[in-house]
Amino acid sequence: MQDGKKNIVDLKKEIKSLKDQLKSLKEENKRLRKLSITDELTGLHNWRYFHERLEHEVARNKRQNHPLSLIFLDVDSLKAFNDTYGHSGGNDVLRAIAKSISKSIRKEVDSAYRFGGDEFAIILPEVHSDQAVNIAKRIIANLSKADFKDISLSFGIAELNPEIDGETLIKHADEAMYLSKRETDKIHVYIETRDLRHET
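The sequence shown lines up with residues 173 to 372 when you count with this note's numbering.
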């Protein structure tokens, strides 16, 4: 009988140890997952995770017939800024932009990404393009508080519709951003007629 009790106690200890190991493995997997989808410099998500998340959001919003907007933004003249202030100064700008984006979007709903270099993307579920314009303006306003001279942003915005997929949405936002690069702190919205609306 004594041996039986000892065996039960030992078994309980072993089960607890296995549970603790499993918990540690889950926590480590969660940590590694976070590292794999995070941009080290800015703390935003990276471009690899962007494609995974966009595919999910496009499918969900099409299924529910809800709006979805995508913002692409690019830093103007970052190379010239780096030439003047060094790469550490340029990194400070990128971190400030990431902070400005994070302050301007909804936590746990919207998601922001650094593509590497000086390009960023923001996925905005339940948001129409005109609302996305207001978010872009907030980002500009928040960045202006950091007071980086000679730094401006160019935005391209596209809204999902039932006829297009995620790759087309990316193309539309990229086209709009390319046009906005011709001016300073301007926002362009892709229109389905293939015209582009200019927002000041």
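Every residue gets a Cβ at the ideal spot worked out from N, C-alpha and C, and that includes glycine.
ask   = Around the C-beta of Ser189, are 16 or more other C-beta atoms found within 10 angstroms, so that it is buried, or is it exposed?
value = Label assigned to Ser189: exposed.
query = What residues are listed by DSSP as bridge partners for Thr210?
reply = According to DSSP, which records beta bridges pairwise, Thr210 is partnered with His217.
task = Sort His223, Thr214 and Pro239 by Cα distance to Val299 and report the nearest one.
result = Out of His223, Thr214 and Pro239, Pro239 has the C-alpha closest to the C-alpha of Val299.
query = Quick check: the segment 259-271 against the segment 340-357, are there 3 or more CB pairs under 8 Å?
reply = By the criterion of at least three beta-carbon pairs nearer than 8 Å, the segment 259-271 is not in contact with the segment 340-357.
ask   = Which partner residues of Glu331 appear in the DSSP bridge assignment?
value = According to DSSP, Glu331 bridges with Ser241.
task = Could you tell me which residues DSSP pairs with Ser324 in its beta bridges?
result = According to DSSP, which records beta bridges pairwise, Ser324 is partnered with Asp248.
request  = Apply the 10 Å Cβ neighbour rule to Arg220 and answer buried if 16 or more other Cβ atoms are within range, or exposed otherwise.
outcome  = Flag for Arg220 reads exposed.
key: Under the three-state DSSP convention, the category Ala231 falls into   = Ala231 falls in the helix class under three-state DSSP.
query = Is Glu339 helix, strand or coil when you go by DSSP?
reply = Note: Glu339 maps to helix in three-state DSSP.
ask   = Cα-Cα, which of Arg278, Ser260 and Ile294 is closest to Asp346?
value = Among Arg278, Ser260 and Ile294, the Cα nearest to that of Asp346 belongs to Ile294.
key: Cβ-Cβ separation, Ile323 to Ile243 (assumed contact under 8 Å), whole Å   = For a cut-off of 8 Å, the C-beta gap from Ile243 to Ile323 is around 18 Å, too long to register as a contact.
ask   = Beta carbon of Val247, beta carbon of Phe320: below 7 Å?
value = With contacts defined by Cβ atoms closer than 7 Å, Val247 and Phe320 do not form a contacting pair.
inquiry  = Assuming Leu325 and Val230 are in contact, meaning their beta carbons sit under 8 Å apart, how far apart are those beta carbons, in whole angstroms?
reply    = 25 Å between Cβ atoms; not a contact.
Beta-ladder partner(s) of Arg294, from DSSP = Note on identity: in this sequence residue 294 is Ile, with Arg being the wrong assignment. For Ile294, which the question treats as bridged, DSSP gives the partners Ile243 and Ala284.
task = Have a look at Asp290, Phe292, Tyr285 and Glu291 and flag the residue whose alpha-carbon is nearest the alpha-carbon of His217.
result = Selected option, being the one with the closest Cα: Tyr285.
ask   = Buried or exposed: which applies to Asp282, given that a residue is buried once 16 or more other Cβ atoms fall within 10 Å of its Cβ?
value = By the neighbour-count criterion, in which a residue is buried when 16 or more other Cβ atoms sit within 10 angstroms of its Cβ, Asp282 is buried.
request  = Taking the CB atoms as reference points, tell me whether Ser301 and Ser241 lie closer together than 7 Å.
outcome  = Taking 7 Å as the Cβ cut-off, Ser301 and Ser241 qualify as a contacting pair.
query = Cβ atoms of Leu226 and Gly338: under 7 Å apart, would you say?
reply = Contact flag set, yes.
request  = Measure the C-alpha to C-alpha separation of Leu332 and Arg235 and round it to an integer number of angstroms.
outcome  = If you take the alpha carbons of Leu332 and Arg235, they lie about 12 Å apart.
key: Cβ neighbour criterion (16 or more within 10 Å) applied to Gly262   = By the 10 Å Cβ count, Gly262 comes out buried.
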